[in-house]
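Report on the following structure.
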Amino acid sequence: MSAKIIDGKAIAAFIKENAAKDAAELTKKIGRHPCLAVIIVGEDPASRVYVNNKKKACEACGITSLEYALPEQTTEGELLDRIAALNGDDTVDGILCQLPLPKHINEEKVIEAIDPAKDVDGFHPVNVGKMVTGGDGLLPCTPAGLVEMLRYEGIDPEGKRCVVIGRSNIVGKPAAILMQRANATVTVCHSKTRNLKEILLQADIIVASVGKPHFLTADMVKPGAVVLDVGINRLPDKTLVGDAEFAEVSEVAGWITPVPGGVGPMTVAMLMKNTVAAACRRAAAR
Ligand code: GUN
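Each residue of the sequence shown is one higher than the one before, starting from 6 at the first, in our numbering.
If you want it as structure tokens, here you go:
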């Protein structure tokens, strides 16, 4: 058997088209484009690539993007001041501070400084709380993108067993919550989990967010299962791979997301969707 490859790039293109339509409509109403402010601190090369992708997507969607590229030695206070200024700027709809931040800056403090109404990453505790209780806050982009991909593929998580590997605040934890909201039965595994293979073999849907290449092998996947690979790992020869051993896992799985071209483009598309949604809500609240 050979898995259906889920084309994240194509689904992302569709979501961005819709975001662009909504952005154009709102632009007519409010007399300016929706606006996303992106802050990047330091010179992490992966972060630079992600930020560039986000800016490119804004351009394609009719969203104004502002970039604040701050030096590595920026103090926490300076960063918080920048965020306070963007919170108070009525022409800014979304604020995103690219993670990771340099070690001398407290990420939690920074995330909590962002106005929840402008928190297009969905990382602020207010939005996390709404996500957990089923409210309509801004949802984190990568996990929301996973659920959206399943919807486009006609895969309903309801009643299915979903195993999430990884418990980060950005992916694992929120992915588990959103899969549960979609009525899946969810198990979260992590580095301390015993009998991981045994648990994984029960999964109808696997979310792999480990950050280790070659982690998920074919013997850990139930025939026909859906494998959503969130890993973005750079091999010594510079090749980009996910957490799944793609060639062998795709022989067993029913569906699989490729790396690149799977979950990554969806994250950016969901960010566009969130930015337009934040702009629409802010306009309506005026
Ligand atoms: N670093 C890795 N993923 C993300 C993300 O989704 N948002 C932000 N702000 N930083 C990240």
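From the three backbone atoms N, C-alpha and C, an ideal C-beta is built for every residue, glycine too.
Here Arg-87 is buried, its C-beta having at least 16 other C-beta atoms within 10 Å. Exclusion of the five residues before and after Ile-160 leaves Ile-210, Val-231, Trp-260 as the residues of its chain whose Cβ lies within less than 8 angstroms of its Cβ. By the criterion of at least three beta-carbon pairs nearer than 8 angstroms, the stretch 167-181 is in contact with the stretch 214-224. With respect to the 8 angstroms criterion, Glu-117 and Pro-130 are classified as neighbours on the basis of their beta carbons. Setting aside the 5 residues that flank it on each side, Val-273 is surrounded in the same chain by Ala-17, Asn-58, Lys-59, Ala-62, each with a C-beta closer than 7 angstroms to its C-beta; the list follows chain order. Looking only at Asn-188, Pro-76, Glu-112, Ala-29, the smallest Cα-Cα distance to Ala-282 is reached by Ala-29. Counted as a single uninterrupted DSSP element, the alpha helix (DSSP H) harbouring Val-281 occupies residues 268-289.
Distances from the alpha-carbon of Glu-250 to those of Ala-181, Pro-263, Leu-85 put Pro-263 closest.
Look at Ile-211 here: in three-state DSSP terms it is strand.
Distances between the C-beta of Asp-94 and the heavy atoms of the ligand GUN are all 7 angstroms or more.
The three-state secondary structure of Ser-173, taken from DSSP, is coil.
The beta carbon of Cys-102 sits closer than 6 angstroms to the beta carbons of Ile-44, Val-115 from its chain, once the five residues preceding and following it are set aside; these are given in chain order. Considered as a whole, the stretch 27-113 harbours 40-46, 69-75, 99-102 as its complete beta strand (DSSP E) runs of no fewer than 3 residues, in chain order.
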